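*Asks:* Structure below; questions to follow.
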Amino acid sequence: ALPAPTNFIRSAIDEHLANGKYAPRRWAGHPDVAQAHRAAPLDPAKIRTRFPPEPNGYLHIGHAKSICLNFGLALDYAGRCHMRFDDTNPEKEEQEYVDSILDSVRWLGFSWKDSQEDNLYFASDYFDHFYAMAEWLVLAGHAYVDSQNTEEMRANRGTLTEAGRNSPFRDRSPEENLRLFREMRDGKHAEGSHVLRAKIDMASPNMNMRDPALYRIRVASHHRTGDKWCIYPMYDYAHPIEDALENITHSLCTLEFQDHRPLYDWLLERLAEGKFFDKPLPQQIEFARLNLTYTITSKRKLQELIRGGHVDGWDDPRMTTIVGLRRRGYTPESIRLFCDRIGVAKADSWVDMGTLELALRDDLEAKAARAVAVLDPLKLVITNWPEGKVEDCEAPAHPQQPERGKRVFPISRELWIEREDFAETPPKGFFRLFPGNRVRLRYGYVIECTGCEKDADGNVIAVHATYFDDSKSGTPGADAYKVKGNLHWASAAHALDAEVRLYDRLYKDPHPGAGDTDHLASLNPDSKKVIRAKLEPTLAAALPDDRFQFERHGYFVADRVDSKPGAPVFNRAVTLKDSWGG
Ligand code: ATP
Ligand code: MG
Ligand code: MG
9 ALPAPTNFIR SAIDEHLANG KYAPRRWAGH PDVAQAHRAA PLDPAKIRTR FPPEPNGYLH
69 IGHAKSICLN FGLALDYAGR CHMRFDDTNP EKEEQEYVDS ILDSVRWLGF SWKDSQEDNL
129 YFASDYFDHF YAMAEWLVLA GHAYVDSQNT EEMRANRGTL TEAGRNSPFR DRSPEENLRL
189 FREMRDGKHA EGSHVLRAKI DMASPNMNMR DPALYRIRVA SHHRTGDKWC IYPMYDYAHP
249 IEDALENITH SLCTLEFQDH RPLYDWLLER LAEGKFFDKP LPQQIEFARL NLTYTITSKR
309 KLQELIRGGH VDGWDDPRMT TIVGLRRRGY TPESIRLFCD RIGVAKADSW VDMGTLELAL
369 RDDLEAKAAR AVAVLDPLKL VITNWPEGKV EDCEAPAHPQ QPERGKRVFP ISRELWIERE
429 DFAETPPKGF FRLFPGNRVR LRYGYVIECT GCEKDADGNV IAVHATYFDD SKSGTPGADA
489 YKVKGNLHWA SAAHALDAEV RLYDRLYKDP HPGAGDTDHL ASLNPDSKKV IRAKLEPTLA
549 AALPDDRFQF ERHGYFVADR VDSKPGAPVF NRAVTLKDSW GG
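First residue of the sequence shown: 9, per full-length UniProt numbering; consecutive thereafter.
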């Protein structure tokens, strides 16, 4: 295999490993917490990363970048990657999302389990530890209960150019803070009446260091801990502790968290002083989030699409959720290839949707069997073909892979061809069917167009042609015919009549919702077209998730939900060429 491309995260890891940062160490920490170290202590040369989604929605293509990065590094460095649900927020979290997230990570080809460890974690399992550490911070004078209301707190926070003001409650004694914090825990206070805050510096130029909130009161049921708690830890408090408890070495997150890193480090330093953790502590490293044109990578906006009925659910093939991409026909390999190609950088940028689509074409080119589909059928009658005669034609399953064998399908007197392959008066450069012109029926015979039939309104309803019986593809006479056009077709009496969904990009603007505009205003009205097509009869045997290249049209997949035995429904995954000029 080729060496993995390097990037600034790998350089950091290489340096940490070379200078022995993770030399063997003993976990001498706090007895309560030592027990919680379900992840084995570090091996000198092992890194631990984690993928920490909040179970409040389905994963999207942006998460795939993080998954490939975290699990990919663990694989390359023979380390471990933890699958962790960051489920510290009681609202909006559900088991449905947990199940779907696990399924998506597995489908992408990654595993959090090996012969020694099953690294599946829930941050909600650490609630007791978060709480115990908070009590220690209170007693050590590093945290206090603030009883200002939300407006007062906001007003006293200051601005980027103006220092904040200390809360009048900032100098409460540790004993009073502990008493109030316990009362908060015991449900004695209303939501919003008190918060636990870190005591750092209200004049810090970094707003995140101005006494950030650590715990808030929320009278809400949690999907795993039920009504046990009515105070919940803030993300900035919980996340570093989760990482440290699991012996994570490199905590990779997106750039928005760069300004939170001083708080991450401050908190772990304090807790190391409290003997909760030993050094080296986990290190947060930020990378650029994925922004992909013509789509959105935000769970909230994806929710809006569903709630507004703009798509048919989380797995709608136009959604860039993992389940949507899967149903659209994307393979795990194509998504991993895409993530490899885009790499990781330290600055935000946009990646063109064409890059994702190209990765799918590049993956399917060698994998997908070829087949014929007539998407906009027009009848072709071969007037000199004997009535009732049916003959077999042969085509390779894959033109570059003869070992995959041949497909066999019938030709007869009446065929379906694409409507756009006929013109009564041909435009300049048209070399398909028009009266007097010859073309080859792919894998069949050369025909010459003799005219067409029209209805009362002048619409063409059938094309007429004659065939040359010594011109069949693969026979010695075939080469004598020199024609430019090569048309695909399906025998009218034998074709499989099937539903085909022609999907296109969900948005017509490259940056939907940019500059605070409504992303819904950018929806592409033509993102889904349902048609009935005439397909090569061999496609009746297609199983859900089978992928094909429909010659000249693109890559299609038998829909994993709606296909029935003998009656597949196809989704267009991607056209053969980029029609968006990307
Ligand atoms: P969203 O903004 O869509 O709600 P999130 O960041 O809140 O996503 P989490 O469930 O917290 O979603 O994300 C889990 C992990 O995936 C985090 O480590 C996060 O940094 C990463 N991640 C989320 N979106 C992207 C993205 N667009 N590009 C790269 N990584 C991402
Ligand atoms: Mg989040
Ligand atoms: Mg987010």
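Heads up, the beta-carbon is just placed ideally off N, CA and C, and yes, glycines get one too. None of these values were measured; they are calculated from a predicted model.
1. Would you kindly report the start and end of the unbroken beta strand (DSSP E) that includes Phe564?
2. Whole-angstrom Cβ separation of Pro552 and Arg568, contact assumed at under 8 Å?
3. Just mark Gln124 as buried or exposed, buried being the case when its beta carbon has 16 or more other beta carbons within 10 Å.
4. Taking 8 Å as the limit between beta carbons, can you name the residues of its chain near Arg193, skipping five residues before and five after?
5. Within a Cβ cutoff of 8 Å, which residues of the same chain sit near Arg297, ignoring the five residues on either side of it in sequence?
6. Give a yes or no on whether the C-beta atoms belonging to Arg187 and Asn127 are separated by under 8 Å.
7. What does the alpha-carbon distance come out to for the pair Pro241 and Ser201?
8. Give the single residue among Ser481, Thr57, His561 and Asp463 whose Cα lies nearest to the Cα of Lys490.
9. With Val582 as the anchor, note down where its beta strand (DSSP E) starts and where it stops.
10. Cα separation between His420 and Phe558?
11. What separation, rounded to the nearest whole angstrom, lies between the Cα atoms of Asp235 and Lys196?
12. Which same chain residues end up closer than 7 Å to His230 when comparing Cβ atoms and leaving out the 5 residues on each side of it in sequence?
13. Whole angstroms are fine: how far does the CA of Pro176 sit from the CA of Val146?
14. Beta carbon of Pro520: closer than 7 Å to some heavy atom of ligand 1?
15. Mind checking Asp463: buried by the 16 CB within 10 Å criterion, or exposed?
16. How many whole angstroms separate the CB atoms of Val153 and Leu222, which I take to be in contact at a CB cut-off of 8 Å?
17. If you measure between the beta carbons of Trp358 and Thr303, is that distance less than 8 Å?
18. Would you call the CB atoms of Leu279 and Met217 closer than 8 Å?
19. What is the C-beta distance between Ala548 and Trp424, in whole angstroms, given that I count them as a contact (C-beta under 8 Å)?
20. With the cut-off set at 8 Å, would you say Leu388 and Ala473 are in Cβ contact?
21. Just tell me which of Gly172, Leu260, Phe93 and Ser108 has its CA closest to the CA of Arg56.
22. Tell me which same chain residues have a C-beta within less than 6 Å of the C-beta of Thr339, skipping the five on either side of it?
23. List the endpoints of the continuous alpha helix (DSSP H) containing His24.
24. Go ahead and pull the three-state DSSP assignment for Met327.
25. Provide the residue span of the alpha helix (DSSP H) that contains Lys307, from first to last.
26. So the candidates are Tyr66, Thr257 and Ala142; which of them puts its Cα closest to the Cα of Lys287?
27. Assuming Glu294 contacts Gln266 (C-beta within less than 8 Å), just tell me the rounded distance between them.
28. Which of helix, strand or coil does DSSP assign to Cys238?
29. By DSSP, does Thr525 sit in helix, in strand, or in coil?
30. Indicate, with yes or no, if ligand 1 has a heavy atom lying under 7 Å from the CB of His71.
31. Does the pairing of the region 343–354 with the region 76–95 give three or more beta-carbon distances under 8 Å?
32. Please name the residue or residues paired with residue 8 in a DSSP beta bridge.
33. Classify Gln103 as helix, strand or coil using the three-state DSSP reduction.
34. For His71, name the three-state secondary structure that DSSP assigns.
35. What separation, rounded to the nearest whole angstrom, lies between the Cα atoms of Ser19 and Leu116?
36. Can you tell me whether Val203 is helix, strand or coil according to DSSP?
*Replies:* In this structure, then:
1. Taken as a continuous stretch (DSSP letters only), the beta strand (DSSP E) holding Phe564 covers Gly562 to Ala566.
2. So it is a contact: roughly 4 Å between Cβ atoms.
3. In summary, Gln124 is exposed, with fewer than 16 beta-carbon neighbours lying within 10 Å of its beta-carbon over all protein chains present.
4. Cβ within range, chain order: Tyr139, Trp237, Cys238 and Ile239.
5. For Arg297, where only same-chain residues beyond five positions count, the Cβ hits under 8 Å are Gly70, Lys73, Thr262, Leu263, Glu264, Thr305 and Asp356.
6. For Arg187 and Asn127, no; Cβs fall outside 8 Å.
7. Using only the alpha carbons, I get a separation of about 16 Å.
8. Measuring from the Cα of Lys490, the nearest candidate turns out to be Ser481.
9. From DSSP, the beta strand (DSSP E) with Val582 extends over Phe578 to Thr583.
10. Checking the sequence shown, residue 420 turns out to be Ser, not His. Distance between the alpha carbons of Ser420 and Phe558 is about 21 Å.
11. For Asp235 and Lys196, the gap between their C-alpha atoms comes out near 14 Å.
12. Here the set comprises Pro98, Ser132 and Trp237.
13. Distance from the CA of Val146 to the CA of Pro176, rounded to the nearest whole angstrom, comes to 17 Å.
14. Remark: the C-beta of Pro520 is outside contact range of ligand 1, defined as less than 7 Å to any heavy atom.
15. Around the C-beta of Asp463, fewer than 16 other C-beta atoms lie within 10 Å, and the residue is accordingly described as exposed.
16. About 10 Å; that fails the 8 Å criterion.
17. By the CB criterion at 8 Å, Trp358 and Thr303 fall outside the cutoff.
18. The Cβ atoms of Leu279 and Met217 lie no closer than 8 Å to each other.
19. So it is not a contact: roughly 16 Å between Cβ atoms.
20. Contact check for Leu388 against Ala473 passes: the beta carbons are separated by less than 8 Å.
21. Considering only alpha carbons, the answer is Leu260.
22. Contacts found: Asp371.
23. His24: member of the alpha helix (DSSP H) spanning Phe16 to Ala26, first to last residue.
24. Met327: coil per DSSP, three-state reduction.
25. It spans Lys307 to Arg315 - the alpha helix (DSSP H) in which Lys307 sits, taken as one unbroken run.
26. Nearest option by C-alpha distance: Thr257.
27. Yes, they are in contact, since the Cβ atoms of Glu294 and Gln266 sit about 5 Å apart, within 8 Å.
28. It is coil, neither helix nor strand.
29. Shown here, Thr525 sits in coil according to DSSP, grouped into three states, outside any helix or strand.
30. Distance from the C-beta of His71 to the nearest heavy atom of ligand 1 is below 7 Å.
31. Yes: at least three Cβ pairs fall under 8 Å.
32. Here the chain covers residues 9 to 590 and nothing more, so residue 8 does not appear.
33. Of the three classes helix, strand and coil, the one that applies to Gln103 here is helix, per DSSP.
34. DSSP places His71 within a helical segment (H, G or I) once states are collapsed to three.
35. Ser19 and Leu116: Cα-Cα distance of roughly 25 Å.
36. Under the three-state reduction of DSSP, Val203 is assigned to strand.
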